[in-house]
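Working notes, beginning with the structure itself.
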Amino acid sequence: MAQTREQIEQMVNQWLKYVEELMKNEGLPIVPEEKTGDPLWVDVREMRLKYLIPVKRIKKFFDGLCEGKIYATRCPVKGIYYFPPQADCPACMDENLEWVEVKGEGEILTFTKINVKPLSFVHYPDYIVAIARMSEGFNVLCWLSTDKPDEVKPGMKVKLVVKRREPEGFFSYYLEPA
Amino acid sequence: MVNAAIVGVGHTKFGRATDKQLQELAWEAIKEALQDAGITQRDVQFVAVGNTGRWSSDPLPAVVISEYSDLCPAGSIRVEAACASGSAAVRAAYQTVASGQADIALAVGVEKMSESTNLQVVEMIGRAGNFFWEFEQFGLTFPGYYAMYATAYLHRYGAKEEDLAAIAVKNHYYADLNPHAHFHKRITIDDVMKSRYVAWPLKLFDCSPQTDGAAAVVIASEKIARKLTDTPVWIRTQAVATGTSNLSKRSNFLSLDSAVKAAEEAYKRAGVERDKAYKYFDVAEVHDCFTIAEILAYEDLGFVERGQGYALAREGETYKGGRIPVNLDGGLKAKGHPIGATGVSMAAELTKQLRQQNPPERQADIKRGWAIAHNIGGTGHYAYITIYTLDKPPTG
Ligand SMILES: CC(C)(COP(=O)(O)OP(=O)(O)OC[C@H]1O[C@@H](n2cnc3c(N)ncnc32)[C@H](O)[C@@H]1OP(=O)(O)O)[C@@H](O)C(=O)NCCC(=O)NCCS
Ligand SMILES: [Zn+2]
Numbered sequence: 000m001a002q003t004r005e006q007i008e009q010m011v012n013q014w015l016k017y018v019e020e021l022m023k024n025e026g027l028p029i030v031p032e033e034k035t036g037d038p039l040w041v042d043v044r045e046m047r048l049k050y051l052i053p054v055k056r057i058k059k060f061f062d063g064l065c066e067g068k069i070y071a072t073r074c075p076v077k078g079i080y081y082f083p084p085q086a087d088c089p090a091c092m093d094e095n096l097e098w099v100e101v102k103g104e105g106e107i108l109t110f111t112k113i114n115v116k117p118l119s120f121v122h123y124p125d126y127i128v129a130i131a132r133m134s135e136g137f138n139v140l141c142w143l144s145t146d147k148p149d150e151v152k153p154g155m156k157v158k159l160v161v162k163r164r165e166p167e168g169f170f171s172y173y174l175e176p177a
Numbered sequence: 000m001v002n003a004a005i006v007g008v009g010h011t012k013f014g015r016a017t018d019k020q021l022q023e024l025a026w027e028a029i030k031e032a033l034q035d036a037g038i039t040q041r042d043v044q045f046v047a048v049g050n051t052g053r054w055s056s057d058p059l060p061a062v063v064i065s066e067y068s069d070l071c072p073a074g075s076i077r078v079e080a081a082c083a084s085g086s087a088a089v090r091a092a093y094q095t096v097a098s099g100q101a102d103i104a105l106a107v108g109v110e111k112m113s114e115s116t117n118l119q120v121v122e123m124i125g126r127a128g129n130f131f132w133e134f135e136q137f138g139l140t141f142p143g144y145y146a147m148y149a150t151a152y153l154h155r156y157g158a159k160e161e162d163l164a165a166i167a168v169k170n171h172y173y174a175d176l177n178p179h180a181h182f183h184k185r186i187t188i189d190d191v192m193k194s195r196y197v198a199w200p201l202k203l204f205d206c207s208p209q210t211d212g213a214a215a216v217v218i219a220s221e222k223i224a225r226k227l228t229d230t231p232v233w234i235r236t237q238a239v240a241t242g243t244s245n246l247s248k249r250s251n252f253l254s255l256d257s258a259v260k261a262a263e264e265a266y267k268r269a270g271v272e273r274d275k276a277y278k279y280f281d282v283a284e285v286h287d288c289f290t291i292a293e294i295l296a297y298e299d300l301g302f303v304e305r306g307q308g309y310a311l312a313r314e315g316e317t318y319k320g321g322r323i324p325v326n327l328d329g330g331l332k333a334k335g336h337p338i339g340a341t342g343v344s345m346a347a348e349l350t351k352q353l354r355q356q357n358p359p360e361r362q363a364d365i366k367r368g369w370a371i372a373h374n375i376g377g378t379g380h381y382a383y384i385t386i387y388t389l390d391k392p393p394t395g
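Taken in order, these protein sequences are the chains called A and B.
Oh and the first sequence: position 88 is 87 in numbering that gives the first Met the number 0, straight run, nothing missing.
Oh and the second sequence: position 192 is 191 in numbering that gives the first Met the number 0, straight run, nothing missing.
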């Protein structure tokens with residue numbers, strides 16, 4: 000049931016229009032609940048949330064994606080890898096981490112396919128999310144793209160690649176069968 | 000430390016409460032708990048509210064509930080530990096009493112999930128893990144997080160989806176006997192197998208539902224508890240642990256490290272031998288938000304050896320009369336899972352079990368007088384293990 004964002008927006012707008020009409024006619028934004036008929040007040044206020052998330056200290060990671068590269072950070076003292084990359088090494092109480100390009104070879108630890116999707120993801124076809132153990136020893140969680148979804152299983156060899164996420168067009172990382 | 004015990008419990012019907020606001024629902028449970036304890040609002044010195052919220056409209060539930068229930072001006076706090084918020088509320092109330100700062104405290108758990116649409120709720124729960132690295136780009140859902148544990152478990156031990164289904168069958172069976180439960184519908188393995196996939200390999204009947212509901216417990220110091228009741232249910236100990244926010248940072252997907260750690264700590268304090276743990280408890284409440292989670296709980300609590308948990312329910316060992324009865328109220332799966340209410344509901348249920356107040360078909364045989372609650376927030380992000388006993392803790 001892949002719906003486009005436009006379809007969802009349209010459904011929501013239709014519903015809001017119905018409530019608006021009702022409010023004008025009846026004088027109150029109160030609608031009967033679908034199954035029980037219980038009267039529900041439809042919130043007149045609406046809040047659109049889009050967080051503004053600082054990425055300054057890990058910007059290299061995103062610059063890397065634009066060049067088709069995937070970076071982790073690594074502690075030069077203890078050799079600990081950080082993925083997702085982070086700017087601080089809590090083990091050393093230091094922020095001297097170095098950026099290292101990941102080799103991109105791994106093996107599936109586990110995976111799932113998301114059928115019932117969050118509202119902001121309903122415009123994608125069902126997607127496989129997998130966690131792979133990379134050869135460096137850390138794990139990566141992301142979407143797995145494959146033409147043969149039935150062949151995916153724990154232990155399968157995979158590689159990590161950069162692709163654009165469509166329809167939005169932002170760079171992201173994906174696992175693929177090796 | 001002062002000894003503390005549960006002396007009153009209240010519990011609403013779980014389900015879709017489209018006829019009640021958050022504070023109305025909470026009050027229903029609070030009123031019952033106060034009456035059960037034989038006290039009034041004036042006796043309550045502290046109120047802890049477990050509520051995850053966001054799907055419901057009030058951001059300060061503790062004060063809204065306190066005003067509506069005439070609990071002001073007693074001090075209050077709203078606590079969050081995802082699906083273990085209820086146990087966190089029990090903790091806040093328990094610690095307030097145990098530290099001697101109050102003689103009587105109230106723990107309330109409440110959730111109104113039906114104020115938002117299903118897919119919005121799926122989104123809000125999905126965001127609860129690591130938002131930036133696991134949700135924002137990859138759209139994980141809670142069924143999805145646990146599905147990854149299920150995939151790894153089934154693959155490693157050769158268990159089948161039917162084995163997961165056996166948990167749902169058990170919990171729906173007991174929910175049918177519990178008037179407070181969300182679902183009153185016995186199901187078969189076949190029903191589960193035929194239900195649609197939500198996050199492969201988990202299907203609709205492997206999942207707990209989105210539920211509205213409230214529960215409340217009154218916690219009193221030893222001195223007061225003795226005056227209020229002949230059967231105080233003592234909080235023997237509570238242990239907590241935290242897991243990584245990113246699932247990718249975990250070393251394996253066969254066990255919840257936080258649950259193992261918290262159980263180890265609780266067992267050490269209460270003198271329970273892990274490999275014989277089931278012998279210490281007459282009944283258990285475990286966090287079966289998804290069927291796989293109940294199987295992991297059996298193993299993480301040491302009720303059975305690793306890799307063998309999937310057979311327990313199928314073989315009847317976690318039914319009444321088995322090795323250890325688990326979730327005789329229907330569990331999260333079928334009693335329902337109003338996120339912040341669940342831990343308090345577990346406390347209320349185990350209190351009733353230890354007092355032997357349940358109908359016989361779902362009343363465990365109380366021999367030793369010990370019970371255990373395993374309440375997990377997120378996917379092992381928070382772990383709260385609480386041991387309740389009829390005999391008074393030795394110290395204090
Ligand atoms: C699984 C889930 C996505 C299903 O939601 P949905 O696809 O929108 O399903 P609907 O609410 O439309 O329900 C359709 C039917 O299935 C039933 N149903 C819903 N969830 C159910 C469940 N978990 N188990 C059994 N039946 C369920 C409904 O009662 C309804 O029955 P009806 O048509 O007879 O009234 C939803 O229950 C969910 O999000 N569960 C997980 C909650 C969660 O993550 N909690 C935190 C865990 S830590
Ligand atoms: Zn370091």
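All C-beta atoms in this analysis are idealised placements derived from N, C-alpha and C, irrespective of residue type, glycine included.
- If you look at Arg163(A), you'll find it in the beta strand (DSSP E) that goes 156-164.
- Within the stretch 137-174 of chain B, the alpha helix (DSSP H) runs of at least 4 residues that lie entirely inside it are, in chain order, 141-156.
- Put simply, the CB of Glu133(B) is near chain A, with a gap under 7 Å to one of its CB atoms.
- In the DSSP assignment, Glu100(A) is bridged to Tyr70(A).
- Checking the 6 Å criterion, the Cβ of Phe252(B) is out of range of every heavy atom belonging to ligand 1.
- Here the stretch 132-148 of chain B does not lie against the stretch 25-40 of chain B, with fewer than 3 beta-carbon pairs under 8 Å apart.
- Among the bridge pairs identified by DSSP, Thr17(B) is matched with none.
- For Cys141(A), the chain B residues whose Cβ falls inside 8 Å of its Cβ are Gln136, Phe137, in order along the chain.
- When Cβ pairs closer than 8 Å are counted between the two stretches, the stretch 156-172 of chain B is seen to touch the stretch 191-198 of chain B, the count reaching three or more.
- For Gly308(B) and Gly138(B), the gap between their C-alpha atoms comes out near 30 Å.
- The set of residues with CB atoms less than 5 Å from any heavy atom of ligand 2 reads, in chain order, Cys74(A), Val76(A), Lys77(A), Cys88(A), Ala90(A), Cys91(A).
- Contact between Gly339(B) and Glu27(B) does not hold, since the beta-carbon distance rounds to 15 Å and is not under 8 Å.
- Here Lys55(A) is exposed, its C-beta having fewer than 16 other C-beta atoms within 10 Å.
- Burial state of Gln352(B) is buried, judged by a 10 Å Cβ sphere holding 16 or more other Cβ atoms.
- Counting only the Cα atoms, Ala333(B) lies some 7 Å from Ser207(B).
- At least 7 Å separates the CB of Leu174(A) from every CB of chain B.
- Contact annotation for Ser207(B) against chain A: no contact, minimum CB-CB distance about 13 Å [criterion: below 9 Å].
- Inclusion of Ala215(B) and Leu24(B) in the CB contact set at 7 Å is not warranted, their separation being larger than that value.
- Of all alpha-carbon atoms in Ala16(B), Asn177(B), His183(B), Glu122(B), the one lying nearest the alpha-carbon of Asp37(A) is that of Ala16(B).
- The three-state secondary structure of Met133(A), taken from DSSP, is strand.
- Identification of chain A residues near Asp18(B) by a Cβ-Cβ cut-off of 9 Å yields Glu32, Thr35, Asp37, Pro38, ordered along the chain.
- When C-beta distances to chain A are compared with 7 Å, the residues of the stretch 104-130 of chain B below that value are Leu118, Gln119, Val121, Glu122, Gly125, in chain order.
- By the Cβ test, the stretch 154-162 of chain A is not in contact with the stretch 40-57 of chain A, since fewer than three Cβ pairs between them sit closer than 8 Å.
- For Ile188(B), the enclosing alpha helix (DSSP H) begins and ends at 188-193.
- As the crow flies, the alpha-carbon of Asn12(A) is around 10 Å from that of Glu5(A).
- A direct Cα-to-Cα measurement between Val197(B) and Leu27(A) gives close to 37 Å.
- Short note on Val197(B): C-beta closer than 6 Å to some heavy atom of ligand 1.
- The continuous alpha helix (DSSP H) containing Gln352(B) extends over residues 341-353.
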